[in-house]
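Input: a single structure, listed below in structure tokens.
Right under this line is the structure:
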């Protein structure tokens with residue numbers, strides 16, 4: 030059914046939302062037929078891997094809005110690719126994806142930090158440290174909204190991070206140990 034909807038768009042599909050049923054093959058199908066894709070929302074898509082998602086990202090440079098919720102086979106490498114391919118990225122929402130503690134264990138924050146047009150960033154339940162979060166804030170001067178909560182690598186929020194985030198209109202920095210209930 031999803032392929033029929035993609036075909037009906039006649040190459041003008043701008044938004045694709047999938048919950049559970051999405052696979053790498055379906056993402057390839059969408060990418061090959063939707064060069065104008067602006068918004069991608071994936072929730073609980075355990076059959077999607079870095080390979081499938083990065084293939085779509087490289088074929089859809091108009092992507093502005095990426096939401097990933099509980100996509101366990103996706104990790105930070107996707108953001109390196111998105112940072113290079115999607116120069117118009119405005120919104121990035123990531124919740125409980127990949128291996129939590131090791132999620133940002135390398136240069137992956139550099140990918141997010143290269144998203145210069147990013148306005149809204151939500152990171153929930155992923156491994157990002159204060160230092161890596163500061164690098165992201167430095168690289169994203171357009172941020173209006175930053176929501177970070179339940180991230181195992183963010184044990185505390187110090188004055189330096191608060192000062193760096195001072196220009197962000199809507200700011201939520203909730204260290205991991207303060208999170209009481211997972212939504």
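Residue numbers (my numbering): 30 to 212.
Virtual Cβ for every residue (Gly too), placed ideally from N, Cα, C.
Since we're looking at a predicted model, the values are computed, not measured.
Query	Result
Euclidean distance between Cα positions of residue 130 and residue 101	Confidence is the limiting factor: at residue 130 the pLDDT is only 44, short of 50, which leaves the residue's position unreliable, though a coordinate-based value still follows. For residue 130 and residue 101, the distance between alpha carbons rounds to 13 Å.
Element boundaries [beta strand (DSSP E), containing residue 45]	44 to 48
Start-end ranges of the alpha helix (DSSP H) lying completely within the stretch 109 to 176, minimum 4 residues	137 to 142, 159 to 168
Cut-off 6 Å between Cβ atoms - residues of its own chain near residue 176, not counting five sequence neighbours on either side	151, 201
Option nearest residue 32 by Cα separation, candidates 143, 58, 41, 112	58
For residue 120 and residue 52, the rounded distance between their alpha carbons	23 Å
Contact under 9 Å by Cβ, residue 46 with residue 70	yes
Cβ-based neighbour list, residue 113, same chain, cut-off 8 Å, excluding 5 preceding and 5 following	140, 143
Straight-line Cα distance separating residue 50 from residue 75	9 Å
As assigned by DSSP and simplified to three states, the class of residue 75	coil
As assigned by DSSP and simplified to three states, the class of residue 179	strand
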